[in-house]
Amino acid sequence: MSKLKDQIAEIIIKAVSDTGYPVKEIFLDKPKEDKFGDLSSNAAMTLAKELKLPPRKIAEEIISRIETGNNLITKTEIAGAGFINIFVSDKCYKDELKNVLSEGINYGRSSIHSGQSANLEWVSANPTGPLHTGHGRQLCLGKAIANLLEWTGYKVTREYYYNDAGNQMNNLALSVRARYMQIFDKDFPFPQEGYVGDYVKIIAENIFAAYNDTMKDSADLDFFKKEGEKYTFDIIKKTLISLGIHHDIFFNESSLYNNSEIEQTLEAFKSKGLSYENDGAVWLKMDEEKGFDKDKVLVKSSGEPTYRLPDIAYHIDKIKRGYDLIIDIFGSDHGDTYKEVLYGVNALGYDSDKIKVIIHQMVTFKMGNESVKMSKRSDNVYYLDELINDIGADAMQFFYVMRGANTHLDFDISLAKDKSEKNPVYYLQYAHARICGILRNADEVFPSYNETNVTELNTDVINSPEEMKLLKVLSDFPDEVISSAKTFEPHKIITYLNSVAENFHRFYHNNRVIDAENKELSLSRIHICLAVKQILKNGFDIIGISAPDRM
RNA sequence: GCGCCCGUAGCUCAAUCGGAUAGAGCAACAGCCUUCUAAGCUGUAGGUUACUGGUUCGAUUCCAGUCGGGCGUACCA
Numbered sequence: 000m001s002k003l004k005d006q007i008a009e010i011i012i013k014a015v016s017d018t019g020y021p022v023k024e025i026f027l028d029k030p031k032e033d034k035f036g037d038l039s040s041n042a043a044m045t046l047a048k049e050l051k052l053p054p055r056k057i058a059e060e061i062i063s064r065i066e067t068g069n070n071l072i073t074k075t076e077i078a079g080a081g082f083i084n085i086f087v088s089d090k091c092y093k094d095e096l097k098n099v100l101s102e103g104i105n106y107g108r109s110s111i112h113s114g115q116s117a118n119l120e121w122v123s124a125n126p127t128g129p130l131h132t133g134h135g136r137q138l139c140l141g142k143a144i145a146n147l148l149e150w151t152g153y154k155v156t157r158e159y160y161y162n163d164a165g166n167q168m169n170n171l172a173l174s175v176r177a178r179y180m181q182i183f184d185k186d187f188p189f190p191q192e193g194y195v196g197d198y199v200k201i202i203a204e205n206i207f208a209a210y211n212d213t214m215k216d217s218a219d220l221d222f223f224k225k226e227g228e229k230y231t232f233d234i235i236k237k238t239l240i241s242l243g244i245h246h247d248i249f250f251n252e253s254s255l256y257n258n259s260e261i262e263q264t265l266e267a268f269k270s271k272g273l274s275y276e277n278d279g280a281v282w283l284k285m286d287e288e289k290g291f292d293k294d295k296v297l298v299k300s301s302g303e304p305t306y307r308l309p310d311i312a313y314h315i316d317k318i319k320r321g322y323d324l325i326i327d328i329f330g331s332d333h334g335d336t337y338k339e340v341l342y343g344v345n346a347l348g349y350d351s352d353k354i355k356v357i358i359h360q361m362v363t364f365k366m367g368n369e370s371v372k373m374s375k376r377s378d379n380v381y382y383l384d385e386l387i388n389d390i391g392a393d394a395m396q397f398f399y400v401m402r403g404a405n406t407h408l409d410f411d412i413s414l415a416k417d418k419s420e421k422n423p424v425y426y427l428q429y430a431h432a433r434i435c436g437i438l439r440n441a442d443e444v445f446p447s448y449n450e451t452n453v454t455e456l457n458t459d460v461i462n463s464p465e466e467m468k469l470l471k472v473l474s475d476f477p478d479e480v481i482s483s484a485k486t487f488e489p490h491k492i493i494t495y496l497n498s499v500a501e502n503f504h505r506f507y508h509n510n511r512v513i514d515a516e517n518k519e520l521s522l523s524r525i526h527i528c529l530a531v532k533q534i535l536k537n538g539f540d541i542i543g544i545s546a547p548d549r550m
């Protein structure tokens, strides 16, 4: 429908220029209320300020130069403080219905970024344990955002960054070894900061099964690390697969050491005078004017880099790969640190404008009114696999994505689990299932309905208010995808799909679809159903949930 | 203390670039199944958009301050 919008914007621009007033960009809004028409412009109001003329007078001069009564615009009106309201002819929407049907699975895709490439890096959990519900929001957001990018034409590379060498992995190695040793000696000490999850015991038992006691008292931490990594990564990947998440690249931090990019990055800081040594550590000079209160360590006095240095090198690596857009998704606990990384990237002369960091706020879980507490120390962890098992992948995906990322999310597990009308997932899926039911019925009554040539479909019989309203909502889909993709906010798709479902259910209640006595009307309504089904399906694909045929 | 984010109906949240009477779902109340799925529909009620100022034709949106919450503030990631 954006074509229509562009057309009308042009008509207004022409009308404004005919008045002799200065022409500016014209913004067209969709008014919230139907009585204000289909599109609305505040052009007269913005001009009023500059020209010091009453906005309604300007609006009048503009609309007197807009032709109405044609196939495009039926009526124009001035309302309120000086809004120009435009009423679009039903024919436009009926034509758009045919577009939905003929474009099918591609309806809503746009080419605004075609020829461009994007890299989305997310999940990026180190292989120290299974994914848990704390990772969930990022997982589901990233999945939907990657889809959104593809729908606007980007070629998307999905990337997972991990580090199998650092502190965390040593900790895992020590934990695995301790559990292994405890098989022989119950009192063998477990590391203070060790990973207490049961999976560590399973890893130890697997080692015992394969190697018996041959690794007993072994000082080979690397062995335990590798065993731990292998097992953990396997279950992480299994979880990702069960959610339909696929990564094209698993980027190991250690490769940045092997190809000496970390060394080069460090050298670059030194040679530019951006770093200095103190207390045996290498410090990055931070700019107070950019809001940093103190300098940060790049290399610890132990000689090990902090996470900062490889992260900077990694982002430079991604920039060098030539992506047009680079996206990171982090939880709000990384809200400050990514700024340091971007600062470092910039300081070395790389353009960080292409890097877009999406920060999502934390999630709190509750069961009805009771909050669910989680702590890693006590292994009171709610693993993602458990959550999927409890509520299903669809409900999980939906709940994690249904709210804006930048607001705290209250995840009500008992609501997500609820198989009733209370559960918001079902409102959408039910609409889809309901349509499938109607179509099964149509197969019986009008078995040849799907042989209809869409372009020749008789849309003259479509005229009930529910039908027209539904067609209008359907035609918004392409714009919704674009605006959702622009701000990387998949929850907007859910908000939109809700209005599709709402208007479909209303249509269903007031308009009998299958009427054996009236084939022409039935056919047109069946095709409305097909279009709704298509848009629901396309929307579900973006947010990453399934489209059930029956419920 | 300082930095980032948030504060909207009883609850969970929407609200386009600063636009018109701030919208949904749940919960509450009142209706609708001999007709394609009642996981649905219709109606009622529910608001000083945390508070105080400012900017302007117009502020939930922008600015300043206050209060409240989350996350940071490591030679952890």
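In terms of numbering that gives the first Met the number 0, the first sequence has 240 at position 241, counting the first letter as 1, and numbering is strictly consecutive.
We put the CB at the ideal spot given by N, CA and C, even for glycine.
On a predicted model such as this, the values are computed, not experimentally measured, just so you know.
Exposure label - residue i; buried when at least 16 CB within 10 Å
i    : result
T406 : exposed
K317 : buried
Q6   : exposed
F249 : exposed
S521 : buried
M285 : buried
T67  : exposed
D212 : exposed
S101 : exposed
I240 : exposed
F539 : buried
A430 : buried
N422 : buried
The ligand MG heavy atom lying under 7 Å from the CB of residue i
i    : result
I461 : By its list of ligands, the structure shown contains no ligand whatsoever, and the ligand MG lies outside what it can speak to.
Contact set for residue i: own chain, Cβ-Cβ below 6 Å, skip 5 residues either direction
i    : result
N162 : N125, E252
I358 : F329, S331, G334
R108 : W150
Y153 : H112, Q115, A117
Q396 : C139, G543, I544
Cβ neighbours of residue i in the same chain (closer than 7 Å, five flanking residues each side left out)
i    : result
H490 : V400, M401, R402, G403
L341 : S351, I354
A267 : L347
A47  : P53, P54, I57, G81
Y337 : D327, F329, V356
H314 : V340, V344, I354
Beta-carbon proximity of residue i to residue j, cut-off 8 Å
i    : j    : result
Y194 : T127 : yes
T454 : S523 : no
L473 : V531 : yes
L138 : I244 : yes
Q360 : L408 : yes
A117 : R64  : no
L220 : A172 : yes
A218 : Y179 : no
Y106 : N537 : yes
K4   : L38  : yes
F445 : K518 : yes
M467 : Y92  : yes
Y322 : T132 : no
I182 : F207 : yes
Nearest residue (CA-CA) to residue i, options the options
i    : options                : result
I35  : A78, F222, Q428, I61   : Sequence check: residue 35 is Phe here, not Ile. Checked all of A78, F222, Q428, I61; the closest Cα to F35 is A78.
V155 : I62, A143, A164        : A143
V499 : R511, S483, V480, F476 : F476
V424 : H112, L171, L535, Y381 : L535
P188 : Y198, V199, R176       : R176
R433 : I525, D393, P304, D411 : I525
D158 : I493, I325, Y426, A280 : At residue 158 the sequence reads Glu, which differs from the Asp that was named. Per the Cα distances, I325.
G135 : F364, F232, G302       : F364
G81  : K74, P53, T67          : P53
N166 : H314, E303, L3         : E303
K23  : A209, A43, K418, D33   : A43
I25  : I11, E32, K31, T18     : I11
F398 : I412, D389, E385       : I412
Same chain, Cβ closer than 8 Å to residue i, neighbours up to 5 away in sequence not counted
i    : result
N170 : T127, P190, E192, G193, Y194
D247 : T156, R157, E158
W282 : S274, Y275, E276, D294, K295, V296, L297
E59  : I77
R320 : N118
I481 : S1, S109, I111, T151
Exercise. Kindly provide the ranges of any alpha helix (DSSP H) runs that are 4 or more residues long and lie completely inside the stretch 36-69, ordered along the chain.
Key: 42-50, 54-62
Self-check item: Runs of alpha helix (DSSP H) lying entirely within the stretch 86-117, each at least 4 residues, in chain order
Solution: 89-102
Quiz item: What residue ranges within the stretch 466-511 form continuous alpha helix (DSSP H) runs of no fewer than 4 residues, ordered along the chain?
Solution: 476-485, 490-509
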